[in-house]
Amino acid sequence: METEGTRARIIATTVELMEAQGYHATGLNQILHQSAAPKGSLYHHFPGGKEELAAEAVSAAGQAVTHELDALIGEGTDLDRALSLLTSFFRERLQTSHFQKGCPLATVTLEMAAISDPVQHASRASYHAWLARLEHLLIASGCEPARAPTRALFALSAIEGALLLCQAERSTRPLEQVMEELRLLFEGDTKAP
436 METEGTRARI IATTVELMEA QGYHATGLNQ ILHQSAAPKG SLYHHFPGGK EELAAEAVSA
496 AGQAVTHELD ALIGEGTDLD RALSLLTSFF RERLQTSHFQ KGCPLATVTL EMAAISDPVQ
556 HASRASYHAW LARLEHLLIA SGCEPARAPT RALFALSAIE GALLLCQAER STRPLEQVME
616 ELRLLFEGDT KAP
């Protein structure tokens, strides 16, 4: 159905634009132009306007990373291999975008989560999905289940910070250093007694 194709194009375009330039710098006319969507389609698909569209874009970006995490750290992937794959995934995102793409949620979350309930809910749901994947990986690798939630939160926070520093420095070195430190930290948690 064409209307669903139009809706999907609008969301995909919004993800790209808001990740690169943020919520406030992304205009509705720019989204419509770049998605080649008819002018009336925006409010047809997103009657809540730009805020609703931003929340949908955050959800879509979060789901895309969740699917990528599922593919990278699926069943049977050991922790060392998973960290290596995650490093490669984010390194490629950073390098191929000339350091415009780090975490697809960070820019909009920083701008809008404190003032927009829909964006905050979408951001929280995405981050919780990522934390669940990391917790599962840690437990499967031998981490004590009671420690896994805190370790996953620490890992996600460290990776988020590293991605921001990579963009600030236009270098993947912060990501590589953080991932190596996580590997060393978790090695102690996951070794069999």
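With our numbering applied, the sequence shown corresponds to residues 436 to 628, in that order. Ideal placement from N, C-alpha and C gives every residue a C-beta, glycine not left out. Quantities reported herein were computed from a predicted structural model and do not represent experimental measurements.
Considering only residues of the segment 444-530, which uninterrupted alpha helix (DSSP H) runs meet the minimum length of 4 residues and lie entirely inside it, listed in chain order?
-> Annotation note: the segment 444-530 contains the following uninterrupted alpha helix (DSSP H) runs of length 4 or greater, listed N- to C-terminal: 463-470, 476-480, 484-507.
Within 9 Å, strictly: CB atoms of residue 614 and residue 518
In the sequence shown, the residue the question calls residue 614 occupies position 179. In the sequence shown, the residue the question calls residue 518 occupies position 83. Against a cut-off of 9 Å, the Cβ pair of residue 518 and residue 614 comes out as a contact.
Do the CB positions of residue 539 and residue 489 come within less than 9 Å of each other?
The residue given as residue 539 occupies position 104 in the sequence shown. The residue given as residue 489 occupies position 54 in the sequence shown. The beta carbons of residue 539 and residue 489 sit no closer together than 9 Å.
Leaving aside the five residues before and after residue 620 along the sequence, list all residues of the same chain whose C-beta is less than 6 Å from its C-beta, in chain order. Along the sequence shown, read from residue 1 onward, the residue named residue 620 stands at position 185. There are no such residues.
Hey, is the segment 561-578 in contact with the segment 481-498, meaning 3+ C-beta pairs nearer than 8 Å? Yes, the segment 561-578 touches the segment 481-498.
- Query: Quick one, are the C-beta atoms of residue 598 and residue 537 less than 9 Å apart?
  - Reply: The residue you call residue 598 lines up with position 163 of the sequence shown. The residue you call residue 537 lines up with position 102 of the sequence shown. Remark: C-beta atoms of residue 598 and residue 537 approach each other more closely than 9 Å.
* **Beta-carbon spacing of residue 470, residue 438 below 9 Å** => In the sequence shown, the residue the question calls residue 470 occupies position 35. In the sequence shown, the residue the question calls residue 438 occupies position 3. No.
Residue 579, DSSP secondary structure in three states:
Along the sequence shown, one-based indexing puts residue 579 at 144. Correct three-state label for residue 579: coil.
- Message: In whole angstroms, give me the CA-to-CA distance for residue 493 and residue 582.
- Response: Position 58 of the sequence shown, counted from the start, is the residue given in the question as residue 493. Position 147 of the sequence shown, counted from the start, is the residue given in the question as residue 582. Going by the C-alpha atoms only, they are around 29 Å apart.
Rounded to whole angstroms, what is the Cα-Cα separation between residue 516 and residue 525? Numbered from 1 along the sequence shown, position 81 holds the residue referred to as residue 516. Numbered from 1 along the sequence shown, position 90 holds the residue referred to as residue 525. The C-alpha of residue 525 is placed about 14 Å away from the C-alpha of residue 516.
Distance between residue 458 and residue 444 (C-alpha atoms, nearest Å): Locating residue 444 in the sequence shown gives position 9, where the first residue counts as 1. Locating residue 458 in the sequence shown gives position 23, where the first residue counts as 1. So the alpha carbons of these two residues sit roughly 17 Å apart.
Exercise. In whole angstroms, what separates the C-alpha of residue 442 from that of residue 474?
Worked result: Here the question's residue 442 lines up with position 7 in the sequence shown. Here the question's residue 474 lines up with position 39 in the sequence shown. Each residue's alpha carbon lies about 12 Å from the other.
Cβ pair residue 609, residue 623 closer than 9 Å: Taking the sequence shown and counting its residues from 1, the one referred to as residue 609 is at position 174. Taking the sequence shown and counting its residues from 1, the one referred to as residue 623 is at position 188. No, these two residues do not count as a Cβ contact at 9 Å.
In its own chain, which residues sit with a C-beta less than 8 Å from the C-beta of residue 466, not counting the 5 before and 5 after it? Numbered from its first residue, the sequence shown carries residue 466 at position 31. Non-local beta-carbon contacts of residue 466 in its own chain, meaning distances under 8 Å to residues more than five positions away in sequence, involve 445, 448, 449, 452, 472, 477, 488 in chain order.
Margin query: Going by DSSP in three states, residue 533 sits in which element: helix, strand or coil?
Written below: For this step, residue 533 is matched to residue 98 along the sequence shown. Here residue 533 sits in coil by DSSP.
Beta-carbon proximity check, residue 572 vs residue 512, cutoff 9 Å:
Mapped onto the sequence shown, residue 572 falls at position 137. Mapped onto the sequence shown, residue 512 falls at position 77. Cβ distance < 9 Å, so residue 572 and residue 512 count as in contact.
Exercise for the section: Can you say whether residue 594 is buried or exposed, counting buried as having 16 or more other CB atoms within 10 angstroms of its CB? Expected result: Walking along the sequence shown from the start, residue 594 turns up at place 159. By the neighbour-count rule (16 or more Cβ atoms within 10 Å), residue 594 is buried.
request  = Please report the residue range of the alpha helix (DSSP H) in which residue 541 lies.
outcome  = For this step, residue 541 is matched to residue 106 along the sequence shown. Element bounds for residue 541: 541-547.
Residue from 464, 456, 486, 468 with nearest C-alpha to residue 555: Along the sequence shown, one-based indexing puts residue 555 at 120. Considering only alpha carbons, the answer is 486.
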